[in-house]
Amino acid sequence: MDIDEVEDVHILDPELLQLPGLSPLPLKTSPQIAEELFSHWLSLPETGRLVKSLIDDAKTGTPISVSKNYSSINVACGGGMPSVFLGGGTPPLSPRSSSGSPRFSRQKTSPSSLHSPLKSVKGPKREVIPQFYFQHGRPPAKELKEQCILMVDQIFSNYMDRLHMDEFKFITKEVCKLPSFLSSSLFKKIDTDGTGVVTRDAFIKYWVDGNMLTMDTASQIYNILRQPGCKYLRQDDFRPVLDELLATHPGLEFLRNTSEFQERYAETVIYRIFYYINRSGNGCLTLRELKRGNLIAAMQQADEEEDINKVLRYFSYEHFYVIYCRFWELDGDHDFFIDKENLIKYGNHALTYRIVDRIFSQIPRKFTSKAEGKMGYEDFVYFILAEEDKSAEPSLEYWFKCIDLDGDGVIRPNEIQFFYEEQLHRMECITQEPVLFEDILCQIIDMIGPEEENCVTLRDIKGSKLSGNVFNILFNLNKFMAFETRDPFLIRQEREDPTLTEWDRFAQREYVRLSMEEDVEEVSNGSADVWDEPLEHPF
Numbered sequence: 000m001d002i003d004e005v006e007d008v009h010i011l012d013p014e015l016l017q018l019p020g021l022s023p024l025p026l027k028t029s030p031q032i033a034e035e036l037f038s039h040w041l042s043l044p045e046t047g048r049l050v051k052s053l054i055d056d057a058k059t060g061t062p063i064s065v066s067k068n069y070s071s072i073n074v075a076c077g078g079g080m081p082s083v084f085l086g087g088g089t090p091p092l093s094p095r096s097s098s099g100s101p102r103f104s105r106q107k108t109s110p111s112s113l114h115s116p117l118k119s120v121k122g123p124k125r126e127v128i129p130q131f132y133f134q135h136g137r138p139p140a141k142e143l144k145e146q147c148i149l150m151v152d153q154i155f156s157n158y159m160d161r162l163h164m165d166e167f168k169f170i171t172k173e174v175c176k177l178p179s180f181l182s183s184s185l186f187k188k189i190d191t192d193g194t195g196v197v198t199r200d201a202f203i204k205y206w207v208d209g210n211m212l213t214m215d216t217a218s219q220i221y222n223i224l225r226q227p228g229c230k231y232l233r234q235d236d237f238r239p240v241l242d243e244l245l246a247t248h249p250g251l252e253f254l255r256n257t258s259e260f261q262e263r264y265a266e267t268v269i270y271r272i273f274y275y276i277n278r279s280g281n282g283c284l285t286l287r288e289l290k291r292g293n294l295i296a297a298m299q300q301a302d303e304e305e306d307i308n309k310v311l312r313y314f315s316y317e318h319f320y321v322i323y324c325r326f327w328e329l330d331g332d333h334d335f336f337i338d339k340e341n342l343i344k345y346g347n348h349a350l351t352y353r354i355v356d357r358i359f360s361q362i363p364r365k366f367t368s369k370a371e372g373k374m375g376y377e378d379f380v381y382f383i384l385a386e387e388d389k390s391a392e393p394s395l396e397y398w399f400k401c402i403d404l405d406g407d408g409v410i411r412p413n414e415i416q417f418f419y420e421e422q423l424h425r426m427e428c429i430t431q432e433p434v435l436f437e438d439i440l441c442q443i444i445d446m447i448g449p450e451e452e453n454c455v456t457l458r459d460i461k462g463s464k465l466s467g468n469v470f471n472i473l474f475n476l477n478k479f480m481a482f483e484t485r486d487p488f489l490i491r492q493e494r495e496d497p498t499l500t501e502w503d504r505f506a507q508r509e510y511v512r513l514s515m516e517e518d519v520e521e522v523s524n525g526s527a528d529v530w531d532e533p534l535e536h537p538f
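FYI, numbering that gives the first Met the number 0 numbers position 353 of the sequence shown as 352, with every residue one higher than the one before it.
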């Protein structure tokens, strides 16, 4: 094959020439230049040897590698280019991208064919990220697992590898590190068939193999109490825990013969738990809410403390006594319901009619009572906790909804005036020097310090330490007067123990008052042993 027989020069791609220092732009705009250059390249002796070598290789079946010979020809021919292209006055162009050239693509994929002195650089070593999410809990470490199994084996070996419910409490407290009054709930969670015994293998399968061992305490309690397939806790899920607490706690032993008050105590504790922790207010306590609350710490304290009244969060019997007695005082016909006329008597007629109307319109919270126009015991528990502890966030949310008449999330001066008008009228009726609304409005704005003047949001309310006093100004006359006069008794009480909440101090005062009233009543009935009776036995 003769080199001169090569045709179809007009279809030559200028970029394939790969001429050093020469842009392909003039070649594309002037095809005749490309033809002249290609003819010049074909006439070179090196080109003839290259073509003949390629033809021979093709005939013999030898693998063809053009890159080496071509690059040497390119270098050798560099001086043979027409001078018009080599001595131009334009600056050199930046290196062209090789993505558009199929020839360069082939060279990139086969760097060894270029005989480059540069070694290929390997990418950075891939870092292996350890697994951080486990759907069913993190598996226990080998050492921790072995320690747990060893302890379990020692305990179960004394009971022929099976434990009854009354024997299981030691496992709950010492192995699982949980409050002892969760023992029956954990036992029933493992003994799904109701056989009345838990074997060693069944416990290992649930606690160790089920990865309960490595969970935090809140997650453990959550998984023990919740129903299968349920993603939240309901009020009924806490009943077995309260039943066992009532049956085993030494501080509640005096209630064991009064089933009615055992029932009321358990209900009150559960209502208090959901009031403070179930912030969504839907009756479905999630794991996140459980972790954010202080219930776990209170349960552990109740398990260690013999005096249940020292457990101020949720479990105090004295707190239950105050709530129940207040409800009983208002419930005149003792049908276990309270209507508007009953509630208006609360706190010696401290509340205004307008705020009572808002409560019974169920704006702050829907009543669980099925009786029309009446609140039940659970509704009253929510009310009294909100009324007597206005420093807590659930209380601030409760009363904010009451004052926000149009429900737009903002309390405006006209809404403040609506509630203060009745307070102003009541002050005039008791010959108390009235405070003009304009002055009160300025005082409220100064106390809250809202981001936008005359527009008080829930965020503003929660950001102020005086928000509780603002609500008292609007609908609780007794507390408003106490705030205005700066009652020295209340100030001294707050300074004595700043760790107590408003609810703790209220319950403390009320329990003393109720106990004294009961003592006086028993004396009037001729009870000679009244002074020998402990105050913790109101029923």
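Each residue gets a CB set at the ideal place from its N, CA and C atoms; glycine is no exception.
message = For the structure I just gave you, are there three or more beta carbon pairs, one from the region 455–466 and one from the region 329–337, closer than 8 Å?
response = The region 455–466 vs the region 329–337: no contact.
message = My assumption, with CB atoms under 8 Å, is that F326 sits in contact with I272. Please give the rounded CB distance.
response = The Cβ separation is near 18 Å, so there is no contact.
ask   = Mapping DSSP to helix, strand and coil, what is M515?
value = Here DSSP, grouped into helix, strand and coil, assigns M515 to helix.
request  = Report the three-state DSSP secondary structure of R539 (helix, strand or coil).
outcome  = The shown model of the chain, from 0 to 538, leaves out residue 539, and the question about it has no answer.
Sequence-distant residues of the same chain with beta carbon closer than 6 Å to H114, five excluded per side = Model confidence at H114 stands at a pLDDT of 49, short of 50, so the residue's coordinates are unreliable; what they give is reported in the following sentence. Around H114, the same chain offers no residue with a beta carbon nearer than 6 Å, after the five sequence neighbours per side are excluded.
message = Excluding the 5 residues flanking G88 on each side, which residues of the same chain have their C-beta closer than 7 Å to its C-beta?
response = With a pLDDT of 45 at G88, under the threshold of 50, the modelled position of this residue cannot be trusted; read the value that follows with caution. Contacts found: none.
inquiry  = Taking 7 Å as the limit between beta carbons, can you name the residues of its chain near S315, skipping five residues before and five after?
reply    = When the five nearest sequence neighbours on each side are left out, the beta carbons in the same chain lying within less than 7 Å of the beta carbon of S315 are those of I307 and N308, in order along the chain.
query = Got a sec, what are the start and stop residues for the beta strand (DSSP E) H163 sits in?
reply = It spans R161 to H163 - the beta strand (DSSP E) in which H163 sits, taken as one unbroken run.
ask   = Any idea if H248 is buried or exposed, counting beta-carbon neighbours within 10 angstroms, 16 or more meaning buried?
value = By the neighbour-count rule (16 or more Cβ atoms within 10 Å), H248 is buried.
key: Close beta carbons around A75, own chain, < 6 Å, minus the five adjacent residues each side   = The predicted position of A75 is uncertain, since its pLDDT is 47 and thus under 50; no value can be drawn from it.
query = So, using beta-carbon positions, are D388 and E501 closer together than 8 Å?
reply = The answer is yes: Cβ separation under 8 Å.
query = Which value, in whole angstroms, describes the spacing of the CA atoms of L395 and A296?
reply = Approximately 24 Å between the Cα atoms of the pair.
query = In chain order, what residues of the same chain have a beta carbon less than 6 Å from the beta carbon of F366, not counting five sequence neighbours either side?
reply = Correct list, in chain order: M374 and D378.
key: 7 Å Cβ shell around T362 - same chain, five flanking residues per side excluded   = Checking the sequence, you will find Ile at residue 362 rather than Thr. Cβ within range, chain order: K400 and C401.
query = If you draw a straight line from the C-alpha of K58 to the C-alpha of G47, how long is it?
reply = Rounded to whole angstroms, K58 to G47 spans 17 Å at the Cα level.
request  = Quick one: residues in its chain with C-beta nearer than 6 Å to the C-beta of P138, no 5 flanking neighbours on either side, listed in chain order?
outcome  = Once the five neighbours on either side are set aside, the close Cβ partners of P138 are N210.
inquiry  = When you compare the CB positions of R199 and F155, do they come within less than 8 Å of one another, or not?
reply    = Taking C-beta atoms as the reference points, R199 and F155 count as a pair closer than 8 Å.
query = Just reading off the beta strand (DSSP E) that V197 is part of, what are its end residues?
reply = That run of the beta strand (DSSP E) goes V196 to T198.
message = So for C454, helix, strand or coil by DSSP?
response = C454 falls in the strand class under three-state DSSP.
Beta-ladder partner(s) of N475, from DSSP = N475 is bridged to L350.
query = Counting along the chain, where does the alpha helix (DSSP H) carrying Y419 start and finish?
reply = Where Y419 is concerned, the enclosing alpha helix (DSSP H) stretches over P412 to C428.
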